[in-house]
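What follows is a set of notes on a single structure, which appears directly below.
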Amino acid sequence: MDSEKFKQLLHRYLSGAASDTEKETIDAWYESFRELDDSEVFHGDAEASRINSQMRERLSGYWNPIRKLGYGKHLAYAAAVLALVSIAWLVHRGQNDHGLTDSNRISAEAGIGYREITTAVRQVKKITLPDSSIVWVNASSRLRIPEWFGAAGRELYLDEGEAFFEVTPNPGKPFIVYSRGIVTQVLGTAFNISNYERLSRITVDVQQGSVRVIDTNQRLLANKLTKAQQLAYDLHTGTYITATLTTPNAANWREGTIQLTNASFEEVALAMYNVYGVELKAADRQVDDHQYSVTIRTSHRLDETLRIICSIHQNQYRRESNEVIIY
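Sequence positions in the sequence shown follow numbering that gives the first Met the number 0 and run 0 to 326.
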């Protein structure tokens, strides 16, 4: 099969757009994968077959991360080989690697592995992707971008933390973000995903346009989440709720403001850690069970913010090294 046609077929299969006949083709291919010869994918192109063999050997790292996302075996293998085929196809055609510039523009050419963007406490990064989409990455976050992003598709992984996406429209290439329990797909929009490991839920907030959200078992959570709507997915129970927000503010952290409404103590503690690098602890269950509506500003000093938090439920605080105890 021609490499470009094979790549397109795998894309349709992964996005759920494949016909029944195309699905049967992929299923049959999967069953015979171990016996599949390179020439069956890159028919009549010896050089591409050689590149494919090399890439197959060097791309073993793709398999486990993709399976970890919760896809069935067919989807895991298809996603891995899609990356392999795309890389071999692009390398064979001599694409130029522009690298990662000082302005954080990610290279559009295929390569091996991922470009990883990480942020520390009190750090926010803004990056521009090869398709001109913009991503803001919040503190204490990790974002992985396949080096073939933009050429073979527009998929990336928010493994930890929070990010705001301003997506350049491209109906032919959906923009897909994988996080711990959900997959978010858009064509062109602006939205925020919060996926911190210390919290039991993931939230998707839409600023403009619309997004589609499924879980990693392909269950549809929201077919069309629109402006000012939020989806909150509970990782422990697999349940979710959607709501329309009267004052959308999920992405205000980009300007140094974190607005929390009826937030749990753990959510407040996470915000304090991201802004000040301190661990907030509850002295007892009562403090831990409180809800908090508070605005945390990076321009405020730590003690000033602590006084505001404590005033909500008439608490006090004491500092012990890098910890702050609320009692």
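All residues carry an ideal CB built from backbone N, CA and C; glycine is no exception.
Source: prediction; values computed, not measured.
(message) Taking the alpha-carbon of Ala-138 as reference, which of Leu-234, Glu-165, Asn-194 and Glu-265 has the nearest alpha-carbon?
(response) Ranking the options by Cα distance to Ala-138, first place goes to Asn-194.
(request) Ignore the nearest five residues each way along the sequence and tell me which others in Lys-280's own chain have a CB closer than 6 Å to its CB. (result) Glu-322 and Ile-324
(message) I'd like to confirm the pairing. Which residues does DSSP put opposite Tyr-291 in its beta bridges?
(response) Ala-262
(message) Looking at the strands, I want to know which residues DSSP matches up with Gln-228.
(response) Thr-243
(message) Based on DSSP bridge pairs, tell me the residues matched to Ala-162.
(response) Val-136 and Ile-192
(message) I need the straight-line Cα distance from Arg-141 to Gln-313, nearest angstrom please.
(response) 36 Å
(request) State the Cα-Cα distance for the pair Ser-132 and Gln-206, rounded to the nearest angstrom. (result) 15 Å
(message) Just verifying my parser: in three-state terms, what is the DSSP assignment at Tyr-61?
(response) Low local confidence applies: a pLDDT of 39 at Tyr-61 is under 50, so the model's placement there is unreliable, with the coordinate-based value given in what follows. Note: Tyr-61 maps to helix in three-state DSSP.
(message) Closer than 8 Å is the cut-off here; do at least three beta carbon pairs connect the segment 202-216 with the segment 169-183?
(response) Yes, they touch.
(request) Would you identify the three-state DSSP class for Glu-322, choosing helix, strand or coil? (result) strand
(message) Here's the rule I'm using: 16 or more other beta-carbon atoms within 10 Å means buried, otherwise exposed. How should Asp-204 be labelled?
(response) buried
(request) Check each candidate in Ser-298, Gly-149 and Ile-257 and name the one with the smallest Cα separation from Pro-247. (result) Just measuring C-alpha positions, the residue of Ser-298, Gly-149 and Ile-257 sitting nearest Pro-247 is Ile-257.
(request) Take the Cβ of Leu-219 as the centre, count every other Cβ of all protein chains shown within 10 Å, and call the residue buried at 16 or more, exposed below. (result) exposed
(request) Would you mind sorting Pro-173 into buried or exposed? The rule is 16 or more other CB atoms within 10 Å of its CB. (result) buried
(message) Along the chain, where does the beta strand (DSSP E) containing Arg-143 start, and where does it finish?
(response) 141-145
(request) Give the range of the beta strand (DSSP E) segment to which Arg-329 is assigned. (result) As shown, the chain starts at 0 and ends at 326. That puts residue 329 outside it, with no answer to give.
(message) Helix, strand or coil for Ser-328? Go by DSSP, reduced to three states.
(response) In the structure displayed, the chain extends from 0 to 326; residue 328 sits before or after that span and is not available.
(message) For Arg-197, tell me which candidate among Ile-307, Val-123, Thr-118 and Glu-265 has the shortest Cα-Cα distance.
(response) Glu-265
(message) Tell me the rounded alpha-carbon separation between Leu-128 and Glu-254.
(response) Whole-angstrom Cα-Cα distance: 21 Å.
(request) Determine the contact status of Ile-192 and Leu-157, defining contact as a CB-CB distance below 9 Å. (result) yes
(request) Can you give me the start and stop residues for the beta strand (DSSP E) that Arg-211 sits inside? (result) 209-214
(message) Can you look up Ala-282 in the DSSP assignment and give me helix, strand or coil?
(response) Three-state result, Ala-282: coil.
(message) Tyr-275 and Thr-238 - do their beta-carbons sit closer together than 9 Å?
(response) no
(message) Quick check: the Cα distance between Ile-295 and Leu-186, rounded to an integer number of angstroms?
(response) 33 Å
(message) Rounding to the nearest angstrom, what Cα-Cα distance links Met-271 and Val-277 in this structure?
(response) 7 Å
(request) Report the rounded CA-to-CA distance for Ser-329 versus Asp-287, giving the unit in angstroms. (result) Missing from the structure shown is residue 329; the chain here goes from 0 to 326 and no further.
(request) Would you mind sorting Pro-145 into buried or exposed? The rule is 16 or more other CB atoms within 10 Å of its CB. (result) buried
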